[in-house]
Amino acid sequence: MTRSLLAILIAICFAANAQAAEKPALGRQAPDFSLKDLSGKTHSLNTYRGRITIVAFIATECPISNDYNGRMREIANEYSQRNVAFLGINSNFTESVEQIKAHAAKNNLGFTILKDAENIVADAYGAERTPEIFVLDEKGVLRYHGRVDNSRDVRRVNRRDLREALNELLAGKPVSVAEGKSFGCLIKRVQNSKELLASAAQEKSFEPKIGTLIPVDFQKFKNSAQGKVLVINFWATWCGPCVAEFPEFVMLDKKYRDLGVKFVGISADEMTDLKTKVIPFIKEQRAMFDILIQDTDDPQEMIDAVNKDWPGTLPATFVFDKQGKPVFVKFGIIDREELVGIIEKALK
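Under our numbering, the final residue of the sequence shown carries the number 374; numbering is consecutive throughout.
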C-alpha cells in the first residue's frame with residue numbers, strides 16, 4: 027500500500043469516528059428528520075408517532091446489506107400488519123436515487139426508502155454502517171440499536187435481535203437486549219468524497235499479484251510474518267461457503283492491515299483457473315491482501331504442513347499470534363465476531 031493511500035484511509039477512519047461519535051442515547055428521544063423518498067415525497071419522522079418505527083441504514087452496493095434484503099423485506103411486510111413502520115435510509119453519497127430505485131425494484135423492497143444526501147440523518151444518529159438498525163417506540167424514544175440478527179448467512183442465524191426487540195415492544199415489555207454491534211460496510215459520507223473516490227480509483231486500477239506456495243515452504247512462509255498477527259484463509263472459487271464469507275476477510279483486512287494484522291488467502295483452485303476464475307474473483311472482491319495458490323498435486327501434503335487435524339474441508343481459517351503460535355482454527359464458515367475477538371486478543 028502506498029503512503030498516500032494509507033494516509034487517506036487513516037483520515038477516513040478518524041473522520042468517520044468523529045462524525046459518528048454522538049449516538050442518540052437509549053431511552054431518550056430520537057432526533058427528528060425530514061427526508062425525501064425515491065418519488066420525491068417528503069417524510070418527517072414525527073408523523074410516525076403513535077407507531078413503533080424501524081429506522082434502517084441500508085445500501086445498494088454493500089454485500090452485507092444486500093444479504094439482508096430478504097430479511098428486511100420480510101420484517102417490513104410482517105410487522106406492518108402490526109402497525110410497525112419500516113424506514114430505510116440510504117446515506118451513501120456514491121449511490122444515486124436512480125440506482126436506489128433500480129435496486130429496490132430488483133429486490134422487491136416495498137418499504138419506504140429515503141435518501142440522506144448530505145448525511146444529516148446518519149450524523150444525527152451516529153450511524154456508521156449498513157445495515158444498522160434503530161427502533162423507536164410510539165413516542166419516538168430510542169429502544170433498540172444494533173443489528174438485524176447474528177449472521178449474514180441466514181442458515182447460521184440463531185439470534186434474531188431485531189425481531190425479538192419488536193416482539194417485546196409490541197407486548198409492552200422493555201427490550202431485554204437493547205444494544206448490539208452492527209456489522210457491515212462503512213457509510214460513504216459526502217464529507218469524505220474526495221478521499222473515498224481517490225481510494226476507489228486506486229482499488230479499481232489494481233491488478234492482483236498472485237503467487238504460489240508449495241507445502242514444504244508453508245512453515246517458512248508462516249514464520250516470515252512473525253511480529254504480526256497472521257490470518258490465513260484457505261478457500262476456492264468453486265467453494266460456495268468460501269465465496270460467501272470472502273467479503274468478510276476483505277473488510278477485516280481493510281480494518282486491521284495497518285494495525286499489525288496480515289491476511290493471506292490461499293486458494294485450492296487449479297493453476298489453469300488462475301486467469302479465468304481466480305484473478306477475476308479477486309478483482310471483483312477488491313481484495314488487497316496476499317493471495318497464493320497452493321502448488322501441489324496432493325492436497326494432503328498441504329494439510330500435513332498446516333495442521334494434521336484439518337480434514338481438508340474448505341473454507342478453513344488459521345490464526346497465528348505475533349510469535350507464530352496457532353491461536354485459532356476454524357474448519358467451515360467463520361463467525362465474524364468470534365474471529366474479531368481472537369484478532370483483538372492476539373494484538374494485545
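C-beta: ideal position from N, C-alpha, C; glycine also.
Predicted model only: the values in this text are computed from it and were never measured.
Short Cβ contact (7 angstroms threshold) for residue 342 with residue 295
Between residue 342 and residue 295, the C-beta gap is not smaller than 7 angstroms, which leaves the two residues out of contact.
Does the distance from the CB of residue 287 to the CB of residue 369 come in under 7 angstroms?
yes
To the nearest whole angstrom, what separates the beta carbons of residue 192 and residue 110, a pair I think is in contact under 8 angstroms?
6 angstroms
Unbroken beta strand (DSSP E) run spanning residue 158, endpoints:
158–162
From 344, 336 and 234, residue whose alpha carbon lies closest to that of residue 301:
234
DSSP three-state call for residue 21: helix, strand or coil?
Because the chain here runs from 27 to 374, residue 21 falls outside it and cannot be looked at.
Name the one or two DSSP bridge partners that residue 170 has.
For residue 170, the pairing in a beta bridge is given by DSSP as 161.
Could you tell me whether the Cβ of residue 200 comes closer than 7 angstroms to any Cβ of chain B?
In the structure shown, chain B cannot be found, because there is only a single protein chain.
Do residue 289 and residue 257 have their beta-carbon atoms positioned less than 7 angstroms apart in this structure?
yes
In this structure, does DSSP put residue 47 in helix, strand or coil?
Below a pLDDT of 50, predicted positions are generally treated as unreliable, and residue 47, at 43, falls in that range; the measurement from the model is reported next regardless. The DSSP-derived three-state label of residue 47 is coil.
Starting from residue 114, follow its DSSP beta bridges and name the residues at the other end.
82 and 139
Shortest alpha-carbon distance to residue 64 belongs to which of 245, 178 and 123?
123
Touching by the beta-carbon criterion (3+ pairs, under 8 angstroms), the region 155–170 and the region 73–85:
Three or more beta-carbon pairs drawn from the region 155–170 and the region 73–85 are found closer than 8 angstroms, and the two stretches are therefore classed as touching.
Tell me the rounded alpha-carbon separation between residue 118 and residue 144.
9 angstroms
Chain-order list of residues whose beta-carbon lies under 6 angstroms from that of residue 80 (same chain, five-residue window excluded):
Short of 6 angstroms from the beta carbon of residue 80, and not among the five residues preceding or following it, lie these beta carbons of its own chain, in chain order: 112 and 161.
For residue 315, which of helix, strand or coil comes out of DSSP?
coil
Does the beta-carbon distance from residue 311 to residue 276 come in below 7 angstroms?
Contact check for residue 311 against residue 276 passes: the beta carbons are separated by less than 7 angstroms.
Any contact of the region 164–179 with the region 327–338, i.e. 3+ C-beta pairs under 8 angstroms?
no
Can you tell me the Cα-Cα spacing of residue 105 and residue 324, whole angstroms?
Taking the straight line joining both Cα atoms gives about 53 angstroms.
Would you report the Cα separation of residue 363 and residue 125, rounded to the nearest angstrom?
31 angstroms
Can you list, in chain order, the residues of its chain whose CB lies under 6 angstroms from that of residue 148, leaving out five sequence neighbours each side?
117, 142 and 213
Can you name, in chain order, every residue of its own chain whose Cβ lies under 7 angstroms from the Cβ of residue 272, other than the five neighbours on each side?
261 and 311
Can you give me the start and stop residues for the alpha helix (DSSP H) that residue 96 sits inside?
95–106
Would you please state the rounded distance, in angstroms, between the beta carbons of residue 196 and residue 78? I believe it to be under 8 angstroms.
7 angstroms
With a floor of 4 residues, list each alpha helix (DSSP H) that falls wholly inside the region 264–305, ordered by position along the chain.
266–282
Where do the N-terminal and C-terminal ends of the alpha helix (DSSP H) with residue 365 fall, by residue?
362–373
Using the three-state DSSP reduction, which class does residue 71 fall into: helix, strand or coil?
The three-state reading of DSSP puts residue 71 in helix, counting H, G and I together.
By the DSSP assignment, the beta strand (DSSP E) with residue 63 in it spans what residues?
Start and end: 60–63.
So residue 347 and residue 355 are supposed to be a Cβ contact under 8 angstroms. How far apart are they, rounded?
Contact flag wrong, Cβ pair sits at about 13 angstroms.
Below 8 angstroms CB to CB, which residues in the same chain sit around residue 168 once its five sequence neighbours on both sides are set aside?
50, 51, 52, 53, 54, 55, 56, 160, 161 and 162
Beta-carbon spacing of residue 210, residue 90 below 7 angstroms:
yes
Beta-carbon within less than 6 angstroms of residue 372's beta-carbon, same chain only, minus the 5 sequence neighbours each way: which residues are those?
255, 347 and 353
Measuring straight from C-alpha to C-alpha, what distance separates residue 47 and residue 152?
Reliability of the predicted coordinates at residue 47 is poor, the pLDDT of 43 falling under 50, and no value is obtained from them.
Neighbour-count burial assignment, residue 291, 16 or more Cβ in a 10 Å radius
Residue 291 is classed as buried because its beta carbon has at least 16 other beta carbons within 10 Å across all chains shown.
Distance check for residue 236 and residue 305, CA to CA, integer angstroms please.
8 angstroms
Own chain partners of residue 361 with C-beta closer than 6 angstroms, once the 5 adjacent residues on each side are dropped
none
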